[in-house]
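Asker: Mature numbering (1 follows the signal peptide of the UniProt record, and there is no 0) puts the sequence shown at residues -25 to -1, 1 to 156.
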Amino acid sequence: MKKYSLTLAACLIALAAVLAAPAMALDVFPDVALQGKISPEQRQYLGVPDGDIRLSDINADFVLVEVFSMYCPICQHDAPGVNDMFARTLASDQAGKVRFVGIGAGNTPFEVAFYRKKFDVQFPLFEDPDYTAHKAVGNVGTPAYYLVDLRDRKRAVLVFHEGEIKDKEAFLKNMLELAGK
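#1: Does the count of Cβ pairs from the region 56 to 66 and the region 85 to 104 closer than 8 angstroms reach three?
#2: Does the distance from the C-beta atom of Ala8 to that of Gly22 stay below 8 angstroms?
#3: Residues in its own chain within less than 6 angstroms of Pro136 by CB, not counting five upstream and five downstream?
#4: For Gly11, which of Pro5, Asp25, Val3 has the nearest alpha-carbon?
#5: Per DSSP, what kind of secondary structure is Tyr120 in: helix, strand or coil?
#6: Hey, how far is the Cα of Ala(-5) from the Cα of Pro48?
#7: My guess is that Arg91 and Val38 are in contact by the Cβ rule of under 8 angstroms, so how many angstroms apart are they, rounded?
#8: Is the separation between the beta-carbon of Phe4 and that of Val123 shorter than 8 angstroms?
#9: Please state the DSSP three-state secondary structure of Arg138.
#10: What does DSSP give as the partner residues of Leu100 in its beta bridges?
#11: My assumption, with CB atoms under 8 angstroms, is that Asp103 sits in contact with Ala80. Please give the rounded CB distance.
#12: Using a Cβ-Cβ cutoff of less than 6 angstroms, which residues in the same chain neighbour Gly77 once the five nearest sequence positions on both sides are dropped?
#13: Suppose the cutoff is 6 angstroms on Cβ atoms and the five residues either side in sequence are ignored; what does the same chain contact list for Leu151 look like?
#14: Can the beta-carbon of Ser31 be found closer than 8 angstroms to that of Arg126?
#15: Nearest to Pro84 by alpha carbon, out of Ile13, Asp6, Thr117, Leu153?
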């Protein structure tokens, strides 16, 4: 009986771990609506016309999606490093292939604008006040980063990272190498 109980407990723990898995387990990033106003320059950067935007509308081979929150201390701490990765991507030979976007989980237009201004974020940030996009990616912790392959409209998740990016240099190098393939 004791052996049966231990086996059952191990199975339940494994099942809980699988059910709690974030969007990386999905393999395909959901085609979420990107809500909010962005500048004409940001629309041009994303290659999208006026009007509503979905992730699949972005005219690039790859997109780095950052799921953040204005209230997240790790997001605030990481913002300068993410800004640096954005600038270095723009200066790289992969600049035409990779786009960056941020989705503010639970954040209103005011909160996203505050975050954009306070941390001088130059890439497009979108609000998600009702957590629709956040739920679609599995209610991940913030920050969470996804490198999504948009070629052939696949939306395959190539890289998933949840939490602080401790080695931004290695993360950026890996992202640019994947974009170069």
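Don't be surprised by glycine CBs; every beta carbon is placed ideally from N, CA and C.
These numbers come from a predicted model, not from an experiment.
Answerer: Well, looking at it:
#1: Output reads yes: the region 85 to 104 touches the region 56 to 66.
#2: It is not a contact, given that the beta carbons lie outside the stated cut-off.
#3: Note that residue 136 is His in the sequence shown here, rather than Pro. The answer, listed in chain order, is Tyr120.
#4: Checking every option, the nearest Cα to that of Gly11 belongs to Asp25.
#5: Of the three classes helix, strand and coil, the one that applies to Tyr120 here is strand, per DSSP.
#6: Low confidence applies here, because Ala(-5) scores a pLDDT of 44, under 50, leaving its location unreliable and the question unanswered by this model.
#7: Between Val38 and Arg91 the Cβ distance is about 18 angstroms, and since that is not below 8 angstroms, they are no contact.
#8: Closer than 8 angstroms, so yes.
#9: For the sequence presented, residue 138 should be read as Gly rather than Arg. Residue state, collapsed to three classes: coil.
#10: For Leu100, which the question treats as bridged, DSSP gives the partners Gly77.
#11: Their Cβ separation, rounded to whole angstroms, is 5 angstroms, which keeps Asp103 and Ala80 in contact under 8 angstroms.
#12: Excluding residues up to 5 positions away in sequence, Glu41, Phe43, Leu100 lie with their Cβ nearer than 6 angstroms to the Cβ of Gly77 in the same chain.
#13: Within the same chain, Leu151 has close Cβ partners Ser67, Gln69.
#14: One thing to note: Ser31 has its Cβ no nearer than 8 angstroms to the Cβ of Arg126.
#15: It is Ile13 whose Cα lies nearest to the Cα of Pro84.
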